Amino acid sequence: MAILTFLKYSSILLMITSCNKYEEDTKIYDFIAIKNWETKIADNEKGLININIKSKLFYYEKNTNFKKLTKIDSIFEVTRELDSGTEKNPTKSYSLIITPKFENDKSINDDMILLLNDSIEYRFTNVCFIKDTVKRPTFIGYKFTIRYNLKATVNDKQINYADTLKSAHQSSYISLDATLGKRIK
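According to our numbering, the sequence shown is numbered sequentially starting from -9.
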């Protein structure tokens, strides 16, 4: 009888603790990372340096060839982060990290231009933010995180957030290579 009582209470406890949890990341992206940002590595061997780069993000009505401006965001914090490379390519370089200082929780269905220092431009066309579910195991059960992933064409090159995904624990961000930027001045 004691064994049956123990099994009954153990199974109830197991059912309660094994419930799945769902959470939605409301941010469209946490930051924009521009890899291989050319700088002198000797300037900062420890990691982060604040730099004086202005960034603006312009939103245009979709499929208007960047003619109808709908919104401008310019409240960003820009930092450089030392990237020690990968096993295949251990060359040190900097990544430019552009973090919005505003709530970016509204759906984006527009063409965009990211402008750095009024001279380097990244044109986003065919922008699509897709909801993605990441399943993370917990003690018993799973935690499902629903977040946004970017698919777009940036200066005539297709990018996909899934290409930059390294682990289920990382946040949503837009990853670009510095070579994609076009000089306009």
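Note that the Cβ used here is the ideal one computed from N, Cα and C, for glycine as well. Computed from a predicted model, the values in this text were never measured in an experiment.
Practice task
Specify whether the stretch 137 to 149 and the stretch 109 to 120 touch according to this definition: at least 3 beta carbon pairs, one from each stretch, less than 8 Å apart.
Solution key: yes
Problem - Boundaries of the beta strand (DSSP E) in which Leu72 is found, first to last residue - result: Position 82 of the sequence shown, counting from 1, holds the residue named residue 72. Phe66 to Asp73 is the extent of the beta strand (DSSP E) around Leu72.
Practice task
Work out the CA separation of Glu93 and Asn55 for me, nearest whole Å.
Solution key: Position 65 of the sequence shown, counted from the start, is the residue given in the question as residue 55. Position 103 of the sequence shown, counted from the start, is the residue given in the question as residue 93. When rounded, the distance between both Cα atoms is 27 Å.
Exercise for the section: Taking 8 Å as the cut-off, decide whether the C-beta atoms of Arg173 and Ser97 are in contact. Expected result: The residue labelled residue 173 in the question sits at position 183 within the sequence shown. The residue labelled residue 97 in the question sits at position 107 within the sequence shown. Their beta carbons are not under 8 Å apart, which means Arg173 does not touch Ser97 by this criterion.
Problem - Identified DSSP bridge partners for Tyr163 - result: Taking the first residue of the sequence shown as 1, we reach residue 163 at position 173. Its beta-bridge partners are Phe21.
Practice task
Counting only the same chain and skipping the five closest in sequence on each side, list residues whose C-beta sits under 6 Å from that of Ile22.
Solution key: In the sequence shown, the residue the question calls residue 22 occupies position 32. Cβ neighbours of Ile22 beyond the five flanking positions: Ile88 and Ile164.
Problem - Nearest to Lys91 (by Cα), restricted to the options Tyr50, Thr69, Leu166 and Lys133 - result: One-based indexing of the sequence shown puts residue 91 at position 101. Minimum Cα distance to Lys91 is reached at Thr69.
Practice task
Assign Ile43 to one of three DSSP states: helix, strand, or coil.
Solution key: By one-based count along the sequence shown, residue 43 stands at place 53. Three-state DSSP puts Ile43 in coil, outside helix and strand.
Exercise for the section: Can you grab the Cα-Cα spacing for the pair Lys17 / Ile2, in whole Å? Expected result: Locating residue 17 in the sequence shown gives position 27, counting from the first residue. Locating residue 2 in the sequence shown gives position 12, counting from the first residue. So the two alpha carbons sit approximately 36 Å from each other.
Practice task
Determine the closest residue to Phe114 out of Asp20, Asp100 and Asn107, with distance taken between C-alpha atoms.
Solution key: As a first step, residue 114 is located in the sequence shown; it is residue number 124 there, counting from the start. Nearest C-alpha to Phe114: Asp100.
Handout entry: Ile2 (DSSP reduced to helix, strand or coil)
Key = Here residue 2 corresponds to residue number 12 of the sequence shown, with the count starting at 1. Note: Ile2 maps to helix in three-state DSSP.
Practice task
Could you check the C-alpha separation between Met(-9) and Ser0 for me, to the nearest Å?
Solution key: Position 1 of the sequence shown, counted from the first residue, corresponds to residue -9. Position 10 of the sequence shown, counted from the first residue, corresponds to residue 0. Approximately 14 Å between the Cα atoms of the pair.
Exercise for the section: My understanding is that Tyr84 touches Glu71, with C-beta atoms under 8 Å, so please give their C-beta distance in whole angstroms. Expected result: The residue you call residue 84 lines up with position 94 of the sequence shown. The residue you call residue 71 lines up with position 81 of the sequence shown. The Cβ separation is near 7 Å, so the contact holds.
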